[in-house]
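Report on the following structure.
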Amino acid sequence: MLICEKIAEIRDFVRKRKGQGKTVGFVPTMGYLHRGHTALVERARGECGAVVASIFVNPLQFGPKEDFAEYPRDFDRDRRMLEEYGVDALFYPSVGEMYPCGFCTHVEVPGLAGCLCGRSRPGHFRGVATVVTKLFNIVQPDRAYFGQKDAQQVLVIKKMVEDLNMPVEIVAVPTVREEDGLAMSSRNVYLSPDQRAEAPVLYRSLQEAARVAAGGERDARRLVEMVRDRLSRVNGASIDYVEIRSLPDLKETERLDSPALLALAVRFGKTRLIDNIVLEV
Ligand code: AMP
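All the letters of the sequence shown, read from the start, carry residue numbers 430 to 710 under the working numbering.
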């Protein structure tokens with residue numbers, strides 16, 4: 430696996446692979462990899478002639494009081510995992526390589542970025558859209574792979590790609606979970622043993638609501654209340670949001686007339702966990 434710290438190097442790699450007629454799949458990550466990330470790599474490996482991954486903890490998508498400095502990092506372990514899963518090239522730039530002195534251009538998708546995580550994390554999706562635009566311009570992939578775990582992120586990126594005519598296909602990959610249902614996340618390592626034991630309630634409460642919706646409940650408020658009620662009884666958990674929103678435009682929804690996104694964010698101490706499920710009707 431080729432490791433490229435410089436933009437020119439990864440560009441050169443991609444140019445050569447494209448010259449050989451290969452399609453290029455791209456998996457952007459912030460590292461500290463787990464099976465959620467490797468599921469994206471496996472999907473890319475199965476569908477593309479060459480696979481590029483990136484590891485970049487993007488300062489632009491963290492708020493001033495968020496965990497940028499403490500975000501978990503383990504480059505050697507990540508490198509070995511990506512190699513094992515057949516990644517051809519890893520783009521691993523420094524902050525200075527991505528944001529040289531004087532950098533000032535940003536990409537915004539205001540319609541989709543103002544609710545759910547965008548409301549709790551002002552500027553987050555602006556940071557995501559900006560870095561993903563840069564990564565797409567640098568790597569120029571044919572396909573890029575994102576996890577459904579970050580459902581709002583996938584919608585923001587799909588809309589950005591459509592609005593700005595970016596020549597890349599966005600592939601959403603289902604959420605990979607621990608055996609007890611907790612969505613895999615690099616941030617799960619922050620959880621204390623007690624918090625970790627409680628955390629599967631997130632997915633259980635989503636599944637319960639999905640079952641009730643599948644049984645005919647169409648009142649979004651009642652479903653949200655059900656989830657909130659379940660979560661509010663969990664020791665040490667504080668609800669950031671529980672919401673049902675339309676797909677793909679994330680509008681507020683009172684009645685479920687078509688598939689909708691039930692999404693939540695919950696804090697366990699300083700650790701904020703997110704999860705979601707699509708309510709099929
Ligand atoms: P991150 O390193 O957290 O920025 O995530 C990089 C990519 O992996 C994003 O597209 C995430 O949505 C995806 N991802 C993270 N966790 C999971 C998971 N448990 N299942 C599927 N995809 C995931």
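Every residue gets a Cβ at the ideal spot worked out from N, C-alpha and C, and that includes glycine.
Owing to the predicted nature of the structure, the values given are computational and were not obtained by experimental measurement.
Less than 8 Å between the beta carbons of residue i and residue j, yes or no?
i       : j       : result
Ile-374 : Ala-649 : Outside the modelled stretch of the chain, which goes from 430 to 710, sits residue 374, for which no answer is possible.
Ala-692 : Thr-682 : no
Gly-718 : Glu-471 : In the structure as shown, the chain starts at 430 and stops at 710, and residue 718 therefore has no counterpart that could be examined.
Ala-642 : Val-695 : no
Ala-601 : Gln-577 : yes
Ala-479 : Arg-444 : no
Leu-391 : Pro-622 : The question about residue 391 has no answer here: the residues shown for the chain are numbered 430 through 710.
Val-656 : Ser-675 : no
Glu-536 : Met-589 : One detail in the question is off: residue 536 reads as Val in this sequence, not Glu. Taking 8 Å as the Cβ cut-off, Val-536 and Met-589 qualify as a contacting pair.
Gln-624 : Gly-698 : yes
Val-605 : Met-595 : no
Ile-586 : Val-561 : yes
For residue i, which option in the options has the closest C-alpha, if you only look at C-alpha atoms?
i       : options                               : result
Ser-523 : Pro-488, Val-557 and Leu-511          : Pro-488
Leu-708 : Leu-511, Thr-534 and Asp-686          : Asp-686
Ala-666 : Ser-675, Arg-701, Leu-635 and Pro-677 : Arg-701
Leu-593 : Phe-565, Thr-604, Phe-575 and Ala-601 : Phe-565
Asp-704 : His-535, Pro-596, Cys-546 and Ser-675 : Cys-546
Phe-749 : Arg-550, Thr-467 and Tyr-514          : In this structure the chain extends from 430 to 710, so residue 749 is not present and cannot be described.
Phe-520 : Ile-599, Phe-554, Arg-506 and Glu-438 : Glu-438
Ile-567 : Glu-512, Glu-637 and Val-597          : Val-597
Arg-474 : Pro-493, Val-618, Cys-530 and Leu-511 : Leu-511
Asp-678 : Val-618, Cys-544, Val-456 and Lys-563 : Cys-544
Met-430 : Arg-625, Asn-617, Gly-515 and His-466 : Gly-515
Glu-654 : Ala-638, Gly-644 and Gly-645          : Ala-638
Pro-553 : Tyr-574, Arg-684, Glu-495 and Leu-469 : The sequence shown places His at residue 553, not Pro. Looking at the Cα atoms, Glu-495 is the closest of the given residues.
Thr-452 : Lys-563, Ala-573 and Ala-626          : Ala-573
Glu-788 : Gly-465, Arg-440 and Thr-562          : The displayed coordinates of the chain run from 430 to 710. Any statement about residue 788 would go beyond what the structure contains.
Arg-651 : Met-613, Arg-684 and Lys-587          : Arg-684
Phe-799 : Pro-457, Asp-517 and Pro-493          : Because residue 799 is not part of the residues shown, which for the chain are 430 to 710, the question remains open.
According to DSSP, residue i sits in a beta bridge with which residue or residues?
i       : result
Thr-700 : Phe-697
Gly-454 : Val-480 and Arg-572
Ile-673 : Leu-691
Val-707 : Leu-690
Glu-681 : Arg-674
Leu-431 : Ala-518
Ser-667 : Arg-696
Determine contact between the region 573 to 582 and the region 434 to 442, defined as no fewer than three beta-carbon pairs at a distance below 8 Å. Cβ pair count under 8 Å is below three, so no.
So, do the region 458 to 466 and the region 481 to 495 have three or more beta carbon pairs nearer to each other than 8 Å? Note that the region 458 to 466 touches the region 481 to 495; at least 3 beta-carbon pairs, one per stretch, sit closer than 8 Å.
At a cut of 8 Å, does the region 487 to 504 reach the region 538 to 546 through at least three beta carbon pairs? Cβ pair count under 8 Å is below three, so no.
In chain order, which continuous runs of the alpha helix (DSSP H) of length 4 or greater are located wholly inside the region 547 to 615? Listed in chain order, they are 553 to 568 and 580 to 592.
Would you be able to state if there are at least three C-beta pairs under 8 Å between the region 645 to 663 and the region 524 to 535? no
Completely contained beta strand (DSSP E) runs for the region 469 to 554, where each covers 3 or more residues: 479 to 484 and 518 to 520
Restricting to runs no shorter than 4 residues, where is the alpha helix (DSSP H) found entirely within the region 623 to 648? 630 to 643
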